[in-house]
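**Q** Have a look at the structure that comes next, please.
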Amino acid sequence: MSLVEVGRFDRNLANIVAGRLESEGIPAVVFDGGTSIADGSYLLIPVRVMVDEDDLAAAKAIVDAA
């Protein structure tokens, strides 16, 4: 199992995307969600949504259709 990036989003949208993928049966992980939260720049740093590389094509299709 190897994780690959589906896309980069703001923190809130990344969690919505991950939830949508999970609802379609694709396990997803949000990386970097807490980056720089202490200094207030977390809104400027994109958050990565990661899936197993075997699920990448299906995940991209779901994200692109939204």
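Per UniProt numbering, residue 1 is the first one in the sequence shown, and the count goes up by one each step.
By construction, the Cβ of each residue, glycine as well, lies at the ideal position given by its N, Cα and C atoms.
Which value, in whole angstroms, describes the spacing of the CA atoms of GLU5 and ASP55?
**A** 11 Å
**Q** Mind checking who GLY7 pairs with in its DSSP beta bridge?
**A** VAL49
**Q** So what's residue 153 in DSSP terms, helix, strand or just coil?
**A** Residue numbering for the chain in the displayed model covers 1 to 66; residue 153 lies beyond these limits and cannot be assessed.
**Q** Just to confirm before moving on: does the CB-CB distance between VAL30 and LEU3 stay below 8 Å?
**A** no
**Q** If we ignore side chains and look at the alpha-carbon of each, how far apart do ASN12 and VAL63 end up?
**A** 15 Å
**Q** At the level of alpha carbons, what is the spacing between GLY34 and LYS60?
**A** The alpha-carbon atoms of GLY34 and LYS60 are separated by roughly 24 Å.
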